[in-house]
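Below is one structure, written out as structure tokens, with a few remarks after it.
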Amino acid sequence: MSLEVKVPAVGESITEVTIAQWLKKDGDRVEMDEVIAELESDKATFELPAEAAGILRIVAQEGDTIEVGGVICRIDQDGAAASAPSAPAAEQAAAPAPAAQESPAAATGGAGEAVEMRVPTVGESISEVTIANWLKSDGDHVEMDEVIAELESDKATFELSAEAAGTLQIVAQQGDTVEIGGLLCKIVPGAGQVKANAQANAKQEQATQQVAAQAASAPSGAQTYASGTPSPAAGKILAERGINAADVQGSGRDGRITKEDAQNAQARPAAQPAAAPAAKQEAAAPAATGGRNSRREKMSNLRKTVARRLVSVKNETAMLTTFNEVDMKPIMDIRAKYKDKFKEKHEVGLGFMSFFTKAVTVALQEWPAVNAQIDGNEIVYNDFCDISIAVSAPKGLVVPVIRNAEQLTLDGIEKEVIRLAKKARENKLTIEEMTGGTFTITNGGVFGSMMSTPIINAPQSAILGMHNIVQRPVAINGQVEIRPMMYLALSYDHRIIDGRESVSFLVRVKELLEDPMRLLLGV
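Following the UniProt record's numbering, the numbering of the sequence shown begins with 1 at its first residue and continues without gaps.
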């Protein structure tokens, strides 16, 4: 009986593979699960194991590109080898198959069908996620509800929990972008021989490395046709970079040049004339000294989305900025006098953000256009103040929202700011905590910024920028005094907010901050 061996599905985004190398020849006898070929895609190299024991009949040749599902070879299960196998091969045939090479059903003792895990729906506006990090490796045993991966969208990072206990089979690789509903991995129920499999895999890997090392150190007469030969993908990369294959050391089987070898290869510099005069050698010395390294990193979905939205705001709004300054001495005096008692009672520090947020909510209710937004041909006015707070997180800028900030006290605002900032830095913010918002406050002063023009956080119509506090001479009642001063910047959309409203709003914020008693009395 003849068994057809086809190109397996190795990833949702991979539609074809190239036969990089046949490890067995046509007519050779192969054993069940024995690696017979190396397949190469545009992302990685895969090993092709024999699906049965028998005589190999090669259909596709090295270098051929075949679509997923295409026939690569056939295995005659009832045939005998054309020649007696060598002693090592005979020993391998007589030995029991390693536990690591058992099929999933055998490894799990036939515990049941694999559970497919797909990208969950994480928000109405999110259509795809990127696999930021696999916390478990392919073949590991996972428990029910155990976190196995981190998924990253353009807004937040989510944890992926196992939907069953069993052996993990990874489908989508780290860094891949998968649409909602796309297949991420499979879990084969049952513990299986996980530990034995891992040990067998380690032994097999060690044996493979020893064979590769022996091939690399063998004399030229022992080298095979693959020595120094690039794979199709590696050959393409070398050709594009103008690098001779003879100048590249292959790390693949039998010294074959892999795709990674080609990517890491560097062109050999042109030889200098041996008899060049010393003066010419000095003139040829490079002008620059020291390291000149550079590196490339793929933009995260969060960074790409932030960039896209900021450019969109600049292009689609009539944005401009008005400035003012505020004397911070009254607030600093209050903090110095009451901060200890405040923390003792409310178990939270008294910071500047609570004063600014409270002042903004009062001013927004007096000038509702600054708290509004454009929706098509309509203006939406809000009678509540959902204040977005810009936070610098490890993976980029995020803007969590303080809901109904106009109803919160100073300690309530401080607690909410601390809670949201902590979750942002731990990448644990939910979509609900970052959506909405009617007005944004950003504090560049914590980084030392003296003055800036912040960009509106669409679809909002305005954003307030805080800056650093600087001791400057100012005129107070006809006298020059040194005061702690801060510049304020209000960027706004002139399509909905007029100059009178923007300036009046900022002046009102200034009044409330310079006389904090107004916040308590509501005047």
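Note that the Cβ used here is the ideal one computed from N, Cα and C, for glycine as well.
If you check the beta carbons only, do residue i and residue j fall under 8 Å apart?
| i | j | result |
| --- | --- | --- |
| Glu152 | Ser300 | yes |
| Arg495 | Thr321 | no |
| Arg118 | Gly181 | yes |
| Ala162 | Asp138 | no |
| Ala60 | Ile75 | no |
| Ile170 | Val142 | no |
| Ala246 | Gly228 | yes |
| Ile431 | Glu416 | no |
| Val391 | Ala462 | no |
| Ala149 | Leu160 | yes |
| Lys24 | Val17 | no |
| Asp493 | Met319 | yes |
| Leu513 | Phe342 | no |
| Ile455 | Lys236 | no |
| Val115 | Pro49 | no |
| Arg303 | Gly396 | yes |
| Glu47 | Thr15 | no |
| Gly63 | Gln77 | no |
Please return the same chain residues whose Cβ sits closer than 6 Å to the Cβ of residue i, not counting the five positions on each side in sequence.
| i | result |
| --- | --- |
| Pro8 | none |
| Asp140 | Leu168 |
| Asn427 | Thr157 |
| Ala363 | Phe505, Arg508, Val509 |
| Met328 | Ile469, Pro484, Met486 |
| Val5 | Glu51, Ile72, Cys73 |
| Asp28 | Leu56 |
| Gln101 | Residue placement at Gln101 is flagged as unreliable, the pLDDT there being 41, under the threshold of 50; the coordinate-derived value follows with that caveat. Within the same chain, Gln101 has close Cβ partners Asp33. |
| residue 529 | Residue coverage of the chain in this structure runs from 1 to 523, which leaves residue 529 outside it and unanswerable. |
| Ala20 | Glu38, Glu40, Ser231 |
For residue i, collect the residues of the same chain with a Cβ closer than 8 Å to its Cβ; drop the 5 residues on either side in sequence, then sort them by chain order.
| i | result |
| --- | --- |
| Thr361 | Cys385, Ile387, Ala405, Glu406 |
| Lys298 | Gly175 |
| Gln460 | Gln373, Ser388, Gly437, Thr438, Phe439, Thr440 |
| Met450 | His467, Asn468, Val470, Tyr487 |
| Ala489 | Thr321, Thr322, Phe323, Met451, Ser452, Thr453, Pro454, Leu464, Gly465, His467 |
What are the start and end residues of the alpha helix (DSSP H) that includes residue i?
| i | result |
| --- | --- |
| Val417 | 410-425 |
| Glu514 | 499-514 |
| Leu429 | Leu429 -> no alpha helix (DSSP H), and no H or E assigned at all. |
| Val362 | 352-366 |
| Met517 | 517-521 |
| Glu260 | 259-264 |
Please go through the same chain and pick out, in chain order, the residues whose beta-carbon is closer than 7 Å to the beta-carbon of residue i, but skip the five residues on each side of it.
| i | result |
| --- | --- |
| Asp26 | Leu56, Arg57, Ile58 |
| Ala424 | Val391, Ala393, Val398, Pro400 |
| Ala336 | none |
| Gly522 | none |
| Gly351 | Glu414 |
| Gly70 | Lys6, Val7 |
| Gly448 | Asn468 |
| Asp340 | none |
| Ala421 | Val391 |
| Arg309 | Ala458 |
Identify the residues that DSSP records as bridge partners of residue i: which are they?
| i | result |
| --- | --- |
| Pro484 | Gln471 |
| Phe158 | Leu151 |
| Met319 | Asp493 |
| Asn457 | Answer is none; Asn457 lacks a bridge partner. |
| Val129 | Val178 |
| Thr65 | Thr18 |
| Cys185 | Met117, Ile170 |
| Glu47 | Glu38 |
| Lys6 | Val71 |
| Asn477 | Bridge partners of Asn477: none, in fact. |
| Arg29 | Ile55 |
| Ser388 | Val401, Thr440 |
| Val380 | Gln373 |
| Asp327 | Met485 |
Along the beta strand (DSSP E) that carries residue i, what are the first and last residues, could you check?
| i | result |
| --- | --- |
| Gln21 | 16-22 |
| Thr442 | 439-443 |
| Gln77 | Element bounds for Gln77: n/a, residue is neither H nor E. |
| Ser392 | 391-393 |
| Gln373 | 373-375 |
| Gln169 | 166-170 |
| Arg57 | 54-58 |
| Leu464 | 462-466 |
Measuring alpha carbon to alpha carbon, tell me which of the options ends up nearest residue i.
| i | options | result |
| --- | --- | --- |
| Leu519 | Lys358, Thr453, Ile456, Gly444 | Lys358 |
| Thr442 | Leu464, Asn133, Glu38 | Leu464 |
| Ser251 | Ser231, Lys345, Met319, Ile237 | Ser231 |
| Val326 | Gly54, Ile66, Asp515, Ile36 | Asp515 |
| Ala234 | Thr130, Thr258, Gly376 | Thr258 |
| Pro330 | Glu511, Asn133, Ala132 | Glu511 |
| His346 | Gly412, Leu3, Ser2 | Gly412 |
| Val503 | Leu135, Val129, Trp367, Leu310 | Trp367 |
Would you please verify whether the beta carbon of residue i is less than 8 Å from any beta carbon of chain C?
| i | result |
| --- | --- |
| Phe323 | The structure shown contains no chain C; it is built from a single protein chain. |
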